[in-house]
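Working notes, structure below.
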Amino acid sequence: MNYSSLESYFKTKFKKDIVVDSIHSTNYTKQSCVDVEKLSFSIHVPYEQLKSWHEVKQTVASSCSYVQLLNVFVGKSYPTRIKENCSRIENLLRVSCSKAAKQLAGTSGRKRENLLDKVKSIAVLQDELLTVSSICHLESEVSRLEKENGLMRSQNVVLDIKHQQASTLATRLEAKLDQASTDIEKLKEDNRSLYDVIQSISPQAHFEDKGKNISEVGKRQQERKLKTLKTKVEQVLWFSESYGLHLDTVNFVDNCGKPYGLSFGGKTGKSYKELPVEEQQKVEQILYIMDKFCIGEATYHELTCCLGGRNLPRSYLIKECKEDINKLVYIERTPGEPNGAALNFCDELRCVIEKMIEKDETLAETTFKVKISGDGAKMTRVTNFIIITFSILNDENTVMSAKGNHTVAVIKGHEDYHLLKTSCSKIFDDINKLTKAGKIKVKDKDVSIEMFLEGDYKFLLLVLGCKGATSDHACIWCKIHKLLRWDMSKGMDYWVENEFRSLQDIREYILTKSLVNQALGWDTKENLNKAPKDRTTKHLSDLTNSIRECGVTFDVWEKKDGDGRGSGIYDFTSLMGSDKKILMKSLPEKLPEVLKPGRASKSVVKLWKDFNEIYKMMNECNPSNERIKEFFEKARAWVQLFVSLGGEVAGFGKQQVTPYMHCLVYHVPQFMKKHNGMRKFSGQGVEKNNDDARRFHLTKSNKWDAPKDILLGSKRQQIFGEHERVRRQYRKRSAEYWSQTIKETRSKRRRVSKIPSPGQQETESQITTLEIENLQVWEIKEKLKDLGIQTRFRKIEKLREILRQALVTE
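Quick look at the structure:
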């Protein structure tokens with residue numbers, strides 16, 4: 000029995016102790032027909048201890064017998080022991096412990112107290128006790144075994160010395176064997192050289208070709224003949240080296256005048272490692288571009304075969320370079336059943352920090368802020384990956400881009416608590432160790448680090464082991480109940496905790512969804528007393544067109560049931576981050592035209608405008624305390640206005656206040672104050688990294704080991720990051736052009752695939768009736784001038800083309 004693992008359990012104190020006395024149960028003597036004189040004593044064990052023994056036997060003491068447990072607890076108060084091989088008492092204890100545990104299971108109150116007061120009496124026979132003579136025999140046996148153990152240890156020392164001597168001798172013999180192998184190879188090389196010389200000076204009488212001429216055979220036979228001719232030319236001209244000359248090229252012409260050339264300049268192709276440094280860098284640059292833009296090897300091979308691609312490195316060099324880099328990257332499988340691949344988190348973090356210190360040595364004395372991120376990414380209709388990344392917040396220029404987020408694990412599967420717990424266990428252990436230490440060793444020097452956890456709210460809840468966002472206590476920074484989230488009467492510091500959370504769902508699932516529901520409700524109300532053929536979705540179409548006029552692609556559709564019929568549930572386009580910013584800026588001006596007139600419509604417009612201001616304030620860098628307080632007041636007023644619309648507009652009210660809104664008011668100001676702004680905690684870089692992984696998975700992976708392919712591609716881009724082109728700085732001089740004019744210009748472009756509207760069809764009919772071909776130059780210019788177009792073109796064909804396009808656009 001392993002007493003060290005049960006040492007803490009043996010110190011457990013129970014309400015009642017085990018009692019040993021000479022009072023025997025008459026039932027046992029009668030039923031078992033045992034003489035009273037053969038009974039030594041009786042042991043009275045409380046039910047509490049019996050239940051405890053049953054539990055510990057099922058968990059940590061499975062190899063321990065019940066008699067051993069009884070001896071330990073009896074030996075605390077009485078100098079007696081029972082034989083461990085006593086099967087009668089072992090079976091009796093096993094049945095009693097199981098019975099006690101079964102009776103106590105599920106009980107409480109008075110009934111449980113009464114059961115705990117009960118005891119089990121066990122009569123012990125004299126021949127079941129461990130006698131003094133047997134104990135002495137065991138002690139003598141133990142001392143004998145200890146002496147034998149000491150003798151074995153001394154013999155092991157001698158064997159270790161002999162083993163070391165044998166290892167040293169084996170090492171010497173291996174060195175001699177390696178030297179002998181080297182000498183043998185050298186002799187073989189000399190023999191081959193001598194054999195070549197002998198062959199070259201021997202008389203050759205088989206140079207002529209007795210087959211067809213080279214012009215009379217096919218391409219494959221021509222290649223074979225040229226290869227044979229090349230060998231024979233080398234044999235014939237073996238003496239050229241005696242003149243200090245080496246064969247370079249030999250040219251021939253066949254009977255038809257077609258030229259043929261033989262090259263003797265050594266190998267026709269070189270490996271990647273044999274190339275000069277400049278050529279290797281060129282290959283690395285091309286490989287970096289191929290990985291970044293997901294260009295396949297077949298595509299590049301075809302490009303090198305074109306006339307313009309002759310100066311490009313051969314495709315086999317690119318492949319060799321990629322294979323050499325892949326060998327330097329150690330990737331291991333993640334634990335658990337799901338397919339996954341991971342890099343060593345500590346090594347990757349150390350590598351990134353080391354590169355940053357090499358660029359700026361002053362960073363060695365600062366604290367590196369490491370942000371750990373995780374997100375689920377949908378690769379295809381049936382494939383989902385969980386991607387774990389990290390970024391350094393000190394480098395604010397790259398933290399919002401894909402190259403600033405370094406992938407350390409890719410796991411195939413949906414976001415799930417048990418999947419994250421098993422597959423990411425090693426990574427989480429490394430992160431916890433670094434967090435506890437607060438430092439990492441880089442080039443034999445400790446560098447201070449501070450860890451942050453970032454992700455969407457679903458990921459944060461999963462990692463923390465919490466329930467969903469709809470649970471009663473969904474906030475992960477305070478214990479507020481969901482029914483109290485609407486209460487904005489508390490001060491800014493009332494719910495003070497630390498961390499950060501995204502606001503994506505506020506824009507998508509509250510503001511946008513509320514507008515769609517209002518339009519649907521308005522259409523339903525107007526179509527109530529209309530025939531099915533007269534029913535329309537006018538207000539929903541007006542809302543959709545207003546959003547599209549802002550330059551955002553947007554659609555609303557009804558979900559289908561299993562039988563293909565309408566379910567009455569509507570969904571809409573999920574907008575990207577840039578589209579949401581455009582919507583917050585441009586849509587409020589158009590909302591009065593599509594919302595139902597009244598006080599509520601003005602409040603909805605105000606909600607959109609105020610949230611746009613709140614969003615801009617939250618993204619400010621280094622905000623002052625006054626600015627943070629102003630942010631808190633604006634956010635609180637925004638939620639209060641949202642709550643006040645309950646009962647008037649669908650989708651508003653106390654019940655619709657989400658954890659995101661609560662965090663926006665009471666937690667985000669604290670984060671802004673502590674971390675000097677929230678912009679660095681944006682998930683934009685994580686999403687861009689997911690997009691790169693999705694593109695790589697769809698275009699450059701054969702899906703056999705997709706997680707490993709994604710990690711290798713990401714690692715190669717990190718290694719060859721120095722080859723990235725430095726982009727030219729561009730300054731947007733006219734903000735109006737980029738925000739408004741460019742959209743208007745693009746909207747005027749004619750789309751061939753678009754169904755023309757009735758107005759466009761009428762315009763096209765006017766164009767066909769108009770006799771543009773019969774107009775003179777000055778007449779075309781007059782019409783263009785009426786349309787507001789000034790041009791210096793004089794050719795009538797160009798002017799006619801401009802007029803046609805202008806009339807179509809008009």
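To convert, note that position 709 of the sequence shown is 708 in numbering that gives the first Met the number 0; the numbers rise steadily by one, no gaps.
In this text, a Cβ means the ideal position worked out from N, Cα and C, and glycines have one as well.
Note that the structure is predicted; figures quoted are calculated from it, not measured.
Range of the contiguous alpha helix (DSSP H) that encloses residue i
| i | result |
| --- | --- |
| residue 339 | From DSSP, residue 339 is part of no alpha helix (DSSP H) but of the beta strand (DSSP E) over 339 to 341. |
| residue 636 | 624 to 643 |
| residue 417 | 416 to 422 |
| residue 746 | 741 to 746 |
| residue 674 | 667 to 674 |
| residue 686 | 683 to 698 |
| residue 713 | 705 to 718 |
Residue nearest to residue i in terms of C-alpha spacing, selected from the options
| i | options | result |
| --- | --- | --- |
| residue 619 | 671, 310 and 646 | 671 |
| residue 443 | 353, 786 and 19 | 353 |
| residue 694 | 677, 713 and 53 | 713 |
| residue 491 | 320, 417, 666 and 400 | 666 |
| residue 347 | 360, 371, 339 and 359 | 371 |
| residue 397 | 431, 351 and 650 | 351 |
| residue 795 | 314, 725, 778 and 587 | 778 |
| residue 38 | 747, 127 and 729 | 127 |
| residue 457 | 451, 475 and 445 | 475 |
| residue 296 | 45, 184 and 700 | 700 |
| residue 247 | 237, 261 and 254 | 261 |
| residue 787 | 742, 775, 798 and 805 | 805 |
| residue 388 | 400, 377 and 404 | 404 |
| residue 377 | 738, 697, 44 and 254 | 697 |
| residue 612 | 636, 445, 355 and 624 | 636 |
| residue 516 | 651, 215, 237 and 141 | 651 |
| residue 72 | 44, 95 and 53 | 44 |
C-alpha distance - residue i paired with residue j, whole-angstrom precision
| i | j | result |
| --- | --- | --- |
| residue 104 | residue 66 | 24 angstroms |
| residue 21 | residue 77 | 13 angstroms |
| residue 462 | residue 332 | 21 angstroms |
| residue 16 | residue 139 | 33 angstroms |
| residue 501 | residue 455 | Caution is warranted here: a pLDDT of 37 is assigned to residue 501, below 50, making its placement in the model unreliable, and the coordinate value is therefore given only provisionally. Using only the alpha carbons, I get a separation of about 6 angstroms. |
| residue 382 | residue 702 | 10 angstroms |
| residue 266 | residue 186 | A caution first: residue 266 carries a pLDDT of 49, below 50, which makes its placement in the model unreliable, though a value can still be read off. Their Cα atoms are separated by approximately 24 angstroms. |
| residue 42 | residue 120 | 6 angstroms |
| residue 452 | residue 459 | 8 angstroms |
| residue 152 | residue 111 | 55 angstroms |
| residue 529 | residue 582 | 34 angstroms |
| residue 503 | residue 654 | Low confidence applies here, because residue 503 scores a pLDDT of 44, under 50, leaving its location unreliable; read the following figure in that light. Going by the C-alpha atoms only, they are around 19 angstroms apart. |
| residue 18 | residue 114 | 17 angstroms |
| residue 232 | residue 221 | 16 angstroms |
| residue 498 | residue 145 | Since pLDDT at residue 498 reaches only 36, below the 50 mark, its modelled position is unreliable, and the value read off the structure follows with that caveat. Going from the Cα of residue 498 to the Cα of residue 145 covers about 60 angstroms. |
| residue 275 | residue 715 | 21 angstroms |
| residue 91 | residue 46 | 14 angstroms |
| residue 790 | residue 781 | 11 angstroms |
| residue 602 | residue 640 | 7 angstroms |
| residue 192 | residue 239 | 16 angstroms |
| residue 657 | residue 464 | 20 angstroms |
| residue 245 | residue 225 | 19 angstroms |
Distance cut-off 8 angstroms: residue i Cβ against heavy atoms of the ligand NAD
| i | result |
| --- | --- |
| residue 191 | Questions concerning the ligand NAD fall outside what the structure shown contains, since it holds no ligand whatsoever. |
Residue span of the beta strand (DSSP E) that contains residue i, given as start and end
| i | result |
| --- | --- |
| residue 383 | 383 to 391 |
| residue 555 | 555 to 559 |
| residue 124 | 118 to 124 |
Taking only runs that begin and end inside the segment 27 to 112, name each unbroken beta strand (DSSP E) of 3 or more residues, in chain order.
38 to 45
Checklist entry - When the Cβ atoms of the segment 279 to 299 are set against those of the segment 716 to 734, are three or more pairs found closer than 8 angstroms? => result yes
Could you pull out every unbroken alpha helix (DSSP H) segment of at least 4 residues lying fully inside the segment 448 to 482, listed in chain order?
456 to 463
| request: Write down every uninterrupted run of the alpha helix (DSSP H) in the segment 253 to 304 whose length is 4 residues or greater and which is fully enclosed by it, in chain order. | output: 276 to 291 and 296 to 304
Query - Any 3 or more C-beta pairs closer than 8 angstroms across the segment 411 to 425 and the segment 471 to 478 - result: no
Would the segment 697 to 711 and the segment 412 to 420 be scored as touching if the rule is three or more Cβ pairs under 8 angstroms?
no
>> Measuring CB atoms only, is the segment 684 to 692 touching the segment 297 to 312, in the sense that at least three cross pairs come out at less than 8 angstroms?
In response: Too few Cβ pairs lie closer than 8 angstroms, so no.
| message | For the structure I just gave you, are there three or more beta carbon pairs, one from the segment 672 to 682 and one from the segment 533 to 547, closer than 8 angstroms? | response | Judged by Cβ distances under 8 angstroms, the segment 672 to 682 makes no contact with the segment 533 to 547, as fewer than three pairs qualify.
Quiz item: Does the count of Cβ pairs from the segment 402 to 413 and the segment 332 to 345 closer than 8 angstroms reach three?
Solution: Flag = yes, the segment 402 to 413 and the segment 332 to 345 touch.
Check whether the segment 479 to 491 touches the segment 620 to 639, taking contact to mean three or more Cβ pairs, one atom from each stretch, closer than 8 angstroms. yes
Can at least three beta-carbon pairs, one atom from the segment 306 to 317 and one from the segment 731 to 749, be found at a separation below 8 angstroms?
-> no
Quick check: the segment 357 to 374 against the segment 733 to 748, are at least 3 beta-carbon pairs closer than 8 angstroms? no
Inside the segment 312 to 368 only - beta strand (DSSP E) runs reaching at least 3 residues: Here the runs fully enclosed are 339 to 341.
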